[in-house]
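*Asks:* The sequence shown begins at 1 in the working numbering and counts up by one. Where is the CB? At the ideal position from N, CA and C, for every residue including glycine. Being a predicted model, the structure only gives us computed values, none of them experimental.
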Amino acid sequence: MINKFPMQNLRSAEHLQFNTDADVIFRKHQAESQRLSPCYNEYSRLVKQEEASMATETGNALIGEKGVAEHYRDKVHSKLFNHVKAILYDDEDPLFDAAQRVMAVIKSVGNPSRLPENAESAVITTLGNKLEPYRTDLEAIGAQPHVDKLLEANRRFIRLETECRAVVAARFLVAQPPVTAVRKQVDPVYRIIVDTINLAVRQQSDEGTHQELIAEMNTLIGKYDALLAQRKGKKKNDEDDENKKNEN
Numbered sequence: 001m002i003n004k005f006p007m008q009n010l011r012s013a014e015h016l017q018f019n020t021d022a023d024v025i026f027r028k029h030q031a032e033s034q035r036l037s038p039c040y041n042e043y044s045r046l047v048k049q050e051e052a053s054m055a056t057e058t059g060n061a062l063i064g065e066k067g068v069a070e071h072y073r074d075k076v077h078s079k080l081f082n083h084v085k086a087i088l089y090d091d092e093d094p095l096f097d098a099a100q101r102v103m104a105v106i107k108s109v110g111n112p113s114r115l116p117e118n119a120e121s122a123v124i125t126t127l128g129n130k131l132e133p134y135r136t137d138l139e140a141i142g143a144q145p146h147v148d149k150l151l152e153a154n155r156r157f158i159r160l161e162t163e164c165r166a167v168v169a170a171r172f173l174v175a176q177p178p179v180t181a182v183r184k185q186v187d188p189v190y191r192i193i194v195d196t197i198n199l200a201v202r203q204q205s206d207e208g209t210h211q212e213l214i215a216e217m218n219t220l221i222g223k224y225d226a227l228l229a230q231r232k233g234k235k236k237n238d239e240d241d242e243n244k245k246n247e248n
């Protein structure tokens, strides 16, 4: 018999991988194909739909994350500019000359936030390179951490933009149903397949009926059972640790 398995407890990526592997096993053995052939076809279709939906949601999340990253690097650039500008308000400040040298570089590069995304990335990289010889001045006026943070924010934006381009190029961002909706369709079809195979095993006297398929499915189920058990154990340990902290 194929063991029962609480698929609803799997996270999205795990759920997709489980069904992808199960689909391969079902397709390989074609057990009870006269009754289950339409279910196998529907199951394969839904697994592919789940993959497409997850890819779309991942791509949309990346685009949102990229927008946040772009806004953040603009704010860090403003923070750097205003930090240096604040010192220049007082020409008797002992840091005035150092701040003036740094501001001259910042102004020579220009305000990157007014540029398109790709051009802004290049300008911020250029700004970092041009400020490198002025590290002593930057450290003296306390602006070096702002420069470091700006360059890191720029690198992060560039990474996200590259990932977004790859997703769009793969045409994942077409309209797709939500992953949660597809999961609700996949699970019942899986249960019909498993219940039908298990019923056939009970009805037939041959103990070897679908034995290889059952062994492969139970191995797959065992793998994910262990994953869920490990997660449950970790959650319990975390809760116990939290309770001990509260007691102290």
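Which stretch, first to last residue, makes up the alpha helix (DSSP H) that contains His71?
*Replies:* Ser33 to Leu88
*Asks:* Secondary structure at Ala99, three-state DSSP: helix, strand or coil?
*Replies:* helix
*Asks:* Indicate the three-state DSSP secondary structure (helix, strand or coil) for Met217 in the structure shown.
*Replies:* helix
*Asks:* Would you say the region 28 to 41 touches the region 131 to 143, given that touching needs at least three Cβ pairs under 8 Å?
*Replies:* no
*Asks:* Determine the DSSP secondary structure at His210, reduced to helix, strand or coil.
*Replies:* coil
*Asks:* If you count every other CB in all the chains shown that lies within 10 Å of the CB of Gly59, and 16 or more means buried, which is it?
*Replies:* buried
*Asks:* Enumerate in chain order the residues of its own chain whose CB-to-CB distance from Ala200 is below 8 Å, with the five nearest sequence positions on each side excluded.
*Replies:* Closer than 8 Å at Cβ, skipping near neighbours: Ala31, Glu32, Thr209 and His210.
*Asks:* In or out: Tyr43 buried (at least 16 other Cβ within 10 Å) or exposed?
*Replies:* Counting of Cβ neighbours within 10 angstroms places Tyr43 among the buried residues, the total reaching 16 or more.
*Asks:* Hey, Val76 and Ala153 are a contact pair by Cβ (cut 8 Å); roughly how many whole angstroms apart?
*Replies:* 5 Å
*Asks:* By how many angstroms is the C-alpha of Ser12 removed from the C-alpha of Arg250?
*Replies:* With the chain running from 1 to 248 in the structure shown, residue 250 is simply not present.
*Asks:* Where does Asp195 fall in DSSP's three states?
*Replies:* helix
*Asks:* Where does Asp23 land, buried or exposed, given buried means 16+ other C-beta within 10 angstroms?
*Replies:* buried
*Asks:* Exposed or buried, which one is Pro188 when buried takes at least 16 other CB atoms within 10 Å?
*Replies:* exposed
*Asks:* Whose C-alpha, out of Lys107, Lys232 and Arg191, is nearest the C-alpha of Phe26?
*Replies:* Arg191
*Asks:* Count the other CB atoms within 10 Å of the CB of Pro254; is the residue buried (16 or more) or exposed (fewer)?
*Replies:* Limits of the chain in this structure are 1 at one end and 248 at the other, which puts residue 254 out of reach.
*Asks:* Let me know the secondary structure DSSP gives Met1 once reduced to three states.
*Replies:* coil
*Asks:* In three-state DSSP terms, what is Glu92?
*Replies:* coil
*Asks:* Quick one: is Ser108 buried, meaning 16 or more other Cβ sit within 10 Å of its Cβ, or exposed?
*Replies:* exposed
*Asks:* Spatial neighbours of Met7 within its chain, please: CB distance less than 6 Å, with the 5 preceding and 5 following residues excluded, ordered by chain position.
*Replies:* Asp187
*Asks:* Buried or exposed: Lys234, going by 16 or more other Cβ atoms within 10 Å of its Cβ?
*Replies:* It counts as exposed.
*Asks:* What is the rounded straight-line gap between the Cα of Ala52 and the Cα of Gln176?
*Replies:* 7 Å
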